[in-house]
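In the working numbering, the protein residues as written are -3 to 235.
Some notes on the structure that comes next.
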Ligand code: 6PG
């Protein structure tokens, strides 16, 4: 059952999302040796990542979160190299890894510079090696596009029915993508879906209703095994 939490605006959403991410990671680390977190790109989560970075403190030793025990993965990547301005990895470097002083050997990026098929296969192997098979992530930070896509599972591409823990996706009007597959998203122990802005209201309303997932891939979370929370601002709230 997905929960909807409505926050006043983008600032409050960033504050609450960063707080919940920290809480979730701390709780996983209280139970297990390592925590695994998969991060989306796009514009919405940037402010939350920047806030989360500050909770790691100026020195890793000062932080309540033991950064050495956190493994960072990607929800999706665009088919561009890591230096490209559209690279999700590049955005995460700027917003979280660099300011949070994250050990880069614990960051597992998708290789957007390879062919999407080769990058998806390589990343499936990374997930299997780091998390076992099938891979279970502790926390997924997802988003929702105004067209209803989530991760890089785009509408009308059949990406939601592609097999594999990581899939190559070819949206009509954008560069190809590499994305966690539906099954990997659904297996996560906890998912936060961050949604901001009036242009997302219709997509959010559709994502919260059962129906054709190929039409609205954001609906996949309605079938999740773990806990799913949509953190949305008032402008995006369809209610
Ligand atoms: C990406 C993202 C993508 C994102 C949605 C929402 O690479 O674009 O990972 O899935 O979450 O497109 O994007 P915005 O936050 O920019 O609206």
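The C-beta atom is built at its ideal place from N, Cα and C for all residues, glycine as well.
Does at least one heavy atom of the ligand 6PG sit under 6 angstroms from the Cβ of residue 147?
Reading the chain shown from its first residue, position 151 is the one you call residue 147. Residue 147: yes, Cβ under 6 angstroms from the ligand 6PG.
Going by C-alpha to C-alpha distance, which of 39, 18 and 66 sits closest to residue 50?
Position 54 of the chain shown, counted from the first residue, corresponds to residue 50. Closest option to residue 50, Cα to Cα, is 18.
Straight-line Cα distance separating residue 226 from residue 3:
Taking the chain shown and counting its residues from 1, the one referred to as residue 3 is at position 7. Taking the chain shown and counting its residues from 1, the one referred to as residue 226 is at position 230. C-alpha separation (whole angstroms): 10 angstroms.
Can you list, in chain order, the residues of its chain whose CB lies under 6 angstroms from that of residue 95, leaving out five sequence neighbours each side?
Along the chain shown, one-based indexing puts residue 95 at 99. Once the five neighbours on either side are set aside, the close Cβ partners of residue 95 are 49.
By DSSP, does residue 38 sit in helix, in strand, or in coil?
By one-based count along the chain shown, residue 38 stands at place 42. Coil at residue 38, not helix or strand.
Please name the residue or residues paired with residue -1 in a DSSP beta bridge.
Here the question's residue -1 lines up with position 3 in the chain shown. DSSP output for residue -1 lists 225 as bridge partner(s).
Since residue 163 contacts residue 116 with CB under 8 angstroms, what's their CB separation in whole angstroms?
Locating residue 163 in the chain shown gives position 167, where the first residue counts as 1. Locating residue 116 in the chain shown gives position 120, where the first residue counts as 1. Rounded, the Cβ-Cβ distance is 6 angstroms, consistent with contact.
Report the rounded CA-to-CA distance for residue 165 versus residue 82, giving the unit in angstroms.
Taking the first residue of the chain shown as 1, we reach residue 165 at position 169. Taking the first residue of the chain shown as 1, we reach residue 82 at position 86. Approximately 16 angstroms between the Cα atoms of the pair.
For the beta strand (DSSP E) containing residue 98, name the first residue and the last one.
Taking the chain shown and counting its residues from 1, the one referred to as residue 98 is at position 102. Counting along the chain, residue 98 falls outside any beta strand (DSSP E), and DSSP gives it neither H nor E.
By DSSP, does residue 18 sit in helix, in strand, or in coil?
By 1-based counting over the chain shown, the position of residue 18 is 22. Residue state, collapsed to three classes: helix.
For the structure I just gave you, are there three or more beta carbon pairs, one from the stretch 207 to 218 and one from the stretch 135 to 155, closer than 8 angstroms?
yes
Going by beta-carbon coordinates alone, are residue 193 and residue 138 separated by less than 7 angstroms?
Counting from 1 along the chain shown, the entry for residue 193 is found at position 197. Counting from 1 along the chain shown, the entry for residue 138 is found at position 142. No, Cβ-Cβ distance for residue 193 and residue 138 is not below 7 angstroms.
Would you say the beta carbon of residue 72 comes nearer than 6 angstroms to a heavy atom of the ligand 6PG?
The residue given as residue 72 occupies position 76 in the chain shown. Residue 72: yes, Cβ under 6 angstroms from the ligand 6PG.
Residue 85 versus residue 121 - alpha carbon distance:
Position 89 of the chain shown, counting from 1, holds the residue named residue 85. Position 125 of the chain shown, counting from 1, holds the residue named residue 121. Rounded to whole angstroms, residue 85 to residue 121 spans 19 angstroms at the Cα level.
Please name the residue, chosen from 161, 141 and 189, that lies closest to residue 170 on a Cα-to-Cα basis.
One-based indexing of the chain shown puts residue 170 at position 174. If we check each option's Cα against that of residue 170, 141 comes out closest.
Could you tell me whether the Cβ atoms of residue 72 and residue 147 are closer together than 7 angstroms?
Here residue 72 is taken as the residue at index 76 of the chain shown, counted from 1. Here residue 147 is taken as the residue at index 151 of the chain shown, counted from 1. Yes, Cβ-Cβ distance for residue 72 and residue 147 is below 7 angstroms.
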